[in-house]
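A short write-up of the structure that comes next.
Below, the structure is given as structure tokens:
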């Protein structure tokens, strides 16, 4: 039987990876606060995609985030509600320490021709499903693998480190400065990895919230060094949206790229 790798390599000359569609709206998960100090605290979250940061005007986040508790075990969000423009949910802080909420999605996008007619892969196709998703005899195969990660960190009591350990999959932020210990006027150091390797020369976009009420977005960019490390400065206190994207050759799919993105909302406090 012809292998998937052989079928893709035998596809018509000129096969290239398609670019992922540009996202006109920014996706965000916004906590009501990132630090609590009581013994039975809750944090509530808004989650949406919007034109103006933290002003829901487009569509809600429809995926429920995974929760990693301070001891590394899975938790859950409660009171999930999906409205017209935003989703809301609550996190009960039953453990002391730092929690991480993660929304991750990905798959393979692309198209191929069969009997001269172009067909697209079904939404949500995974790399291990390509052997059945792409028929024998397909030509003009164009594929892009993607993995998108959206995170937020919140802490009950003193910050802890367990949830900060990277998974080695996709584009990740590996904090040197704890993400719940950010102060205006003091640079924070982060390291970024792509599939566990240093993400060198990666562009990090940083935008403060409240752009709806400014004449400009006030976007700033920072570049990681050879070790994937970057120092980010915060001109004022508030909530910040950070984002990075990178594209590398896919290790799972021949003749395809892997597009990775990372997004987080971070709170910066007054000194």
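Residue numbers (the working numbering): 7 to 277.
Don't be surprised by glycine CBs; every beta carbon is placed ideally from N, CA and C.
Everything numeric in this text was worked out from a predicted model, so none of it was measured.
Close Cβ partners of residue i (< 7 Å) along its chain, the five nearest in sequence each way excluded
i, result
"residue 258", "133, 151"
"residue 106", "74, 157, 159, 169"
"residue 98", "48, 84"
"residue 88", "66, 68"
"residue 165", "104, 184, 186, 187"
"residue 44", "none"
"residue 174", "201, 202"
"residue 7", "Its pLDDT being 41, under 50, residue 7 is placed unreliably in this model, and the coordinates cannot settle the point."
"residue 77", "101, 168"
Residue i - partner residues in DSSP beta bridges
i, result
"residue 110", "155"
"residue 288", "Only positions 7 to 277 of the chain appear in the structure, and residue 288 is not among them; the question remains open."
"residue 161", "41, 104"
"residue 227", "211"
"residue 272", "246"
"residue 177", "200"
"residue 87", "94"
"residue 185", "Partner(s): none; residue 185 has no beta bridge."
"residue 47", "None, per the DSSP bridge assignment."
"residue 81", "73"
Own chain residues within Cβ distance below 6 Å of residue i, not counting five before or after
i, result
"residue 228", "210, 236, 238"
"residue 204", "233, 234"
"residue 126", "117"
"residue 113", "130, 131, 132"
"residue 64", "31, 55, 56"
"residue 102", "162, 163"
"residue 90", "none"
Coarse secondary structure for residue i, derived from DSSP in three states
i, result
"residue 201", "coil"
"residue 134", "helix"
"residue 68", "coil"
"residue 28", "No answer about residue 28 holds up, because its pLDDT of 36 lies below 50 and its placement is not dependable."
"residue 194", "strand"
"residue 246", "strand"
"residue 169", "helix"
"residue 219", "helix"
"residue 139", "helix"
"residue 280", "This structure cannot speak to residue 280, because the chain is shown only from 7 to 277."
"residue 266", "strand"
"residue 34", "strand"
"residue 235", "strand"
"residue 255", "strand"
"residue 144", "coil"
"residue 206", "coil"
Rounded separation between residue i and residue j - CA only
i, j, result
"residue 246", "residue 177", "19 Å"
"residue 42", "residue 139", "48 Å"
"residue 273", "residue 143", "52 Å"
"residue 187", "residue 161", "10 Å"
"residue 163", "residue 129", "42 Å"
"residue 183", "residue 242", "17 Å"
"residue 282", "residue 261", "With the chain running from 7 to 277 in the structure shown, residue 282 is simply not present."
"residue 141", "residue 121", "11 Å"
"residue 226", "residue 123", "44 Å"
"residue 35", "residue 191", "24 Å"
"residue 194", "residue 137", "45 Å"
"residue 5", "residue 267", "What is shown of the chain runs 7 to 277, which leaves residue 5 out entirely."
"residue 277", "residue 40", "16 Å"
"residue 29", "residue 38", "Because residue 29 carries a pLDDT of 44, less than 50, the predicted location of this residue cannot be relied on, and the following value inherits that uncertainty. C-alpha separation (whole angstroms): 25 Å."
"residue 196", "residue 145", "43 Å"
"residue 135", "residue 108", "24 Å"
"residue 110", "residue 154", "6 Å"
Chain-order list of residues whose beta-carbon lies under 8 Å from that of residue i (same chain, five-residue window excluded)
i, result
"residue 95", "50, 51, 53, 70, 71, 83, 84, 85, 86, 87"
"residue 301", "Absent from the model: residue 301. The displayed extent of the chain is 7 to 277, so no value can be given."
"residue 223", "213, 217"
"residue 255", "262, 263, 264"
"residue 206", "230, 231, 232, 233, 234"
"residue 253", "263, 264, 265, 266"
When the Cβ atoms of the segment 54–69 are set against those of the segment 207–217, are three or more pairs found closer than 8 Å?
-> Touching, yes.
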